[in-house]
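Asks: Below are the structure tokens for one structure; questions will follow.
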Amino acid sequence: MLNTVYRLTQPRKIEIAFNEIDIFSSDIIVKPTYLSICNADQRYFQGTRDAKVLAKKLPMALIHEGIGEVVYAPDGSFKPGDRVVMIPNTPTEKDDVIAENYLRSSKFRASGFDGFMQEYVQIPADRLVLLPDGIPNEIAAFTEMVSVGVHAISRFDKIAHSRRNVIGVWGDGNLSYMTCIFLKKFFPETKVYVFGVVPKKLADFTFVDKTFLTTEIPEDMHIDHAFECVGGNGSQVAIDQIIDCINPEGTISILGVSEYPVPINTRMILEKGLRMFGSSRSGRADFVTTVEMYDAYPDIIENLSHMVGIVQVVRNIKDMTEAFELDTKKAFGKTIMKWEK
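Offset between the sequence shown (1-based) and the working numbering: plus 869.
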């Protein structure tokens, strides 16, 4: 079966390629329907990644956040027409200690091999999660990003001590917003404070206990634990503020991605006996938990609906390019491609 793949061959240039899908394999064939653009996709599309990285990765189909409809399931695990979330992480081995998303042998779509910008996706059954009825397509499309926050929270729950009166979250963007939604569900008795730089963005965090501008943090601010969701050039300032505010033996979860090394005040980490850990990507269990919580808590869907920004119908390469360009102009939320290929 011949399949059409839309690969980025150089910054801002998408070209058609073809590959063969083996209909006699045990894999499921899925037709993508809604795809969500991530900042990582943009770094490839805009060519802001290191030139050596681009030379190594391209040509490659972008997008690792998306849903689709099952076309063919030889093992009967799904039915044709089933709506499914596609999991981009693809492990090649199992380890009893290291999670699938941290194994160096695992592949990740749109980062080394083709993502979901294809006519059809051939994918193992365990890389799919069935979507319940009633979950809007536009929200389900960015489940992968939501699952990253869920993954970080689940790791935090295993690492952090039990005093969780106040958790601080630094960042007022998409990742912070999603993480805060689930922090309030996982720890309903805990106060969640958000620290950001844009008052208009902070105003959207209606479900947290308090919000603060990072330039106006009270001198007597004390938190038990923290999540850093800033990344980029703002990481150092965010981490410094966290270390200043956090109580002794607190835990700091690092989620923000930075292209360059970030200086950290190790003296105060030692003095306060702090724990710091990083989280990246997610695995099947995190996707399953995320979808289950979608179904159990309708207000999660209501809050996530504010994340849906641009919805671009995509039928050709011109539409794809336009979606990526429009995404660079948004201030908040996710750009969704309604994939009609």
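Even glycine gets a Cβ: it sits at the ideal position worked out from N, Cα and C.
#1: Does residue 1187 pass the burial test, meaning 16 or more other C-beta atoms within 10 Å, or should it be called exposed?
#2: Please classify residue 1175: does DSSP put it in a helix, a strand, or coil?
#3: Fully enclosed by the segment 1056-1115, which alpha helix (DSSP H) runs are 4 residues long or longer?
#4: Are the segment 1015-1033 and the segment 1142-1151 touching by the rule of at least three beta carbon pairs closer than 8 Å?
#5: Roughly how many angstroms separate the alpha carbons of residue 920 and residue 927, rounded to a whole number?
#6: Around the Cβ of residue 917, are there at least 16 other Cβ atoms within 10 angstroms (buried) or fewer (exposed)?
#7: Apart from the five residues on each side of it in sequence, which residues of its chain come closer than 6 Å, Cβ to Cβ, to residue 1193?
#8: Using the Cα positions of residue 871 and residue 933, report the straight-line distance between them to the nearest angstrom.
#9: For residue 1078 and residue 1033, I'd like the C-alpha separation in whole angstroms.
#10: Could you give the first and the last residue of the continuous alpha helix (DSSP H) run that contains residue 923?
#11: When DSSP labels each residue in this structure, what does residue 1033 get in the three-state scheme?
#12: Measure the C-alpha to C-alpha separation of residue 1136 and residue 1176 and round it to an integer number of angstroms.
#13: For residue 1041 and residue 1060, what's the separation of their Cα atoms in angstroms?
#14: Using 8 Å as the threshold, is the segment 1153-1163 in touch with the segment 1006-1022, meaning 3 or more CB pairs across them?
#15: Tell me which residues share the same chain as residue 1101 and place their Cβ nearer than 8 Å to its Cβ, disregarding the 5 neighbours each side in the sequence.
#16: Can you give the Cα-Cα distance for residue 976 and residue 910, rounded to whole angstroms?
#17: If you measure between the beta carbons of residue 1083 and residue 1074, is that distance less than 7 Å?
#18: Determine which residues share a DSSP beta bridge with residue 901 and list them.
#19: Any contact of the segment 963-978 with the segment 1039-1053, i.e. 3+ C-beta pairs under 8 Å?
#20: By how many angstroms is the C-alpha of residue 951 removed from the C-alpha of residue 1134?
#21: Have a look at residue 1184 and residue 1208 and give me their C-alpha separation to the nearest angstrom.
Replies: The short version:
#1: exposed
#2: helix
#3: 1068-1071 and 1104-1114
#4: yes
#5: 10 Å
#6: exposed
#7: 914
#8: 22 Å
#9: 14 Å
#10: 920-926
#11: coil
#12: 38 Å
#13: 17 Å
#14: yes
#15: 1125, 1126, 1127 and 1128
#16: 16 Å
#17: no
#18: 937
#19: no
#20: 50 Å
#21: 7 Å
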